[in-house]
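Let me begin by presenting the structure, written as structure tokens, before commenting on it.
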């Protein structure tokens with residue numbers, strides 16, 4: 002049986018290990034990582050999946066501004082490779098998007114596999130003329146309106162706006178604690 006729940010401090014090591022297995026060290030070089038760096042995930046939107054007492058999937062959403070409008074950036078999402086095909090990622094994505102909408106968020110952006118994320122309503126078209134502050138594959142830059150028309154007219158650079166990491170924590174320690 003799987004349980005989707007809020008991420009806890011005790012999940013840090015397992016979450017980081019899962020992300021390393023799924024993405025390796027290259028995950029720290031991505032443009033989206035620059036937007037997450039030094040910031041906390043959006044309140045209530047850091048989720049994990051537990052299965053038989055083991056963390057098997059994770060997702061976080063981050064506060065950003067897209068063309069002057071508040072939005073969320075999703076990622077990374079990861080599922081234990083040995084459990085692919087069981088629908089865990091699908092359930093986790095739907096829960097994360099449902100929670101985001103319930104919390105009053107209006108739109109979500111991400112960089113990812115367009116055919117996979119299309120099932121959740123993400124499209125390249127909703128990105129419009131938005132851009133990211135660094136290298137990315139434009140065909141992988143996707144967006145979803147949680148509220149119809151939320152991204153209408155959005156243009157310009159995406160920038161991070163989320164809560165900052167408390168300055169008392171060293172950056173390396175925080176990355177593991179967040």
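In my numbering, the protein residues as written are 2 to 179.
Yeah, the Cβ is synthetic: ideal placement off N, Cα and C, and Gly gets one too.
Item                                                                                                                                                                             : Value
Over the uninterrupted alpha helix (DSSP H) stretch that includes residue 99, give me the two end residues.                                                                      : 89 to 103
What are the start and end residues of the alpha helix (DSSP H) that includes residue 13?                                                                                        : 13 to 24
If contact is defined by three or more beta carbon pairs under 8 Å, each pair taking one atom from either stretch, is the segment 30 to 38 in contact with the segment 78 to 90? : no
Under 6 Å Cβ to Cβ from residue 61, same chain only, skipping five residues before and after it: list those, please.                                                             : 42, 47
With a Cβ-Cβ cutoff of 9 Å, do residue 129 and residue 156 count as a contact?                                                                                                   : yes
Can you look up residue 55 in the DSSP assignment and give me helix, strand or coil?                                                                                             : strand
Tell me the DSSP secondary structure of residue 175 in three-state form.                                                                                                         : Here the model assigns residue 175 a pLDDT of 44, short of 50, so the residue's position is not dependable and the matter cannot be decided.
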